[in-house]
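Worksheet: the structure to be examined is printed underneath.
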Amino acid sequence: MSVKLSSMLGNALTRALEVPSQSRVQAPTAPTPEVSPASTPAVCIPGSTDAFETVSKAQKEWESKFAEVVQAIAPELEQLAPLETKSLKNLANSVNESHNVVAGDQYEKGKWSSSTPVLQQTEDSNCGAAAAAMLTKSKGGKEGVSGKALMDDLGSRYGTKDGTTPKEMAKMLSNEGIAVKGSTTTADKNSLESTLKSGGKAVAMVDSNEISSKGGAQAPGKAHWVVIDGMDDQGRFMVKDPGSASSYFVKGEELNKAIDTGRNTHQSGGVLLLENEQAPATVPVAEQEAEQKAEALGDTPGTGSMASRFGRESS
């Protein structure tokens, strides 16, 4: 990491960590052992040693604090070198994953083989294929297929060059053995919580700027698909966004605003409630039922997110 980049991230971490003392989680104090100069670990990022060390020890309190730090320095992350950015985003995604309180339900009740990986869309119009690929990988059975190959396959079979409409998304998922059990044109908190706690997941069409800014966008973006993969102990929903290859938590009202902006600006928006189908119906029947449930969301194709953020991934 260059001196300039190290300084930039170090300063950002320092600013993010400057919060009122009463809001900080205090780590247990203990005598500091004497360490010889030869055994002193190298500091990779100025100002972040304590945060990284504590995360490595899996302290829940400090994990929470570090996740907030990473979110606070998001603007600086965009200016870092690609590999450094990817590593920090992966770390933030892992920390967020540890706060998913319905992960056990999704594994035990939903029979998902793993948490939903965060993949990055590779084209301006394939956020829908990326979201479907993320859920397909979580279902299991395609571990040997790269995320890019799966996105390309799903997009070519069910999407178009303009993106993925709600009906096309429903068809895409049903062909992958993921059933659309219902749909809502708002982020109905009760329905969404019930789906997640019973082992399900969801995919939502939202406005790209509103969802990434958590309801604080200065202007609308584009119609955009994201995965709703879980929730934390504060009742916030975990979003996995293929536009930025990142995960983050949003409140119900923030998700609703992103959906409302999508419906008002792009004439499409809403949530598809999903289930990992254990005994799939015949494909034509599953497709027809899924498409009927998706009709309420509209017919605008989802694309979303800034082209400068697109990247290639291989997992």
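Heads up: the sequence shown at position 117 corresponds to 215 in my numbering, and the numbers run straight through without jumps. Don't be surprised by glycine CBs; every beta carbon is placed ideally from N, CA and C.
One Cα belongs to K259, the other to A315, and the distance between them is close to 27 Å. Membership of H364 in the alpha helix (DSSP H) is indicated by the continuous run G350 to H364. The alpha-carbon separation between G239 and A230 amounts to approximately 14 Å. With a 10 Å radius around the Cβ and a threshold of 16 neighbouring Cβ atoms, D339 comes out buried. Within the region 241–289, the complete alpha helix (DSSP H) runs of at least 4 residues fall at 245–256 and 264–273. Closest option to A228, judged by alpha-carbon separation, among D327, A343 and K184: A343. Around the Cβ of E393, a 10 Å sphere holds fewer than 16 other Cβ atoms; the residue is exposed. A check of alpha carbon separations from D251 across Q365, T234 and A384 identifies T234 as the nearest. Per DSSP, the continuous alpha helix (DSSP H) segment holding E308 begins and ends at S306 to S310. In the three-state reduction of the DSSP assignment, V216 falls in the coil class.
In this structure, the beta-carbon distance from G360 to D305 falls below 9 Å.
The Cβ atoms of M329 and L294 lie closer than 9 Å to each other.
Excluding sequence positions up to five before and after H197, its CB lies within less than 6 Å of the CB of D330, all in the same chain and listed in chain order.
With respect to P399, G261 sits close: the two C-beta atoms are nearer than 9 Å.
Of the candidates K265, K391, E385 and Q390, the residue whose Cα lies closest to the Cα of S272 is E385. The alpha-carbon separation between M303 and V348 amounts to approximately 15 Å. In the three-state reduction of the DSSP assignment, K209 falls in the coil class.
By the beta-carbon neighbour count (other beta carbons within 10 angstroms, threshold 16), D397 is exposed. Here S345 has A190, N191, N194, E195, V216, D327, M336, V337, K338 and D339 as same chain residues with Cβ atoms under 8 Å from its own Cβ, once five neighbours each way along the sequence are excluded. In summary, A247 is exposed, with fewer than 16 beta-carbon neighbours lying within 10 Å of its beta-carbon over all protein chains present. Around A300, the same chain offers L290, T293, I326, V369, L370, L371 and L372 as residues with beta carbons nearer than 7 Å, after the five sequence neighbours per side are excluded.
With a minimum length of 3 residues, the unbroken runs of beta strand (DSSP E) contained wholly in the region 296–345 fall at 299–305, 321–329 and 335–339.
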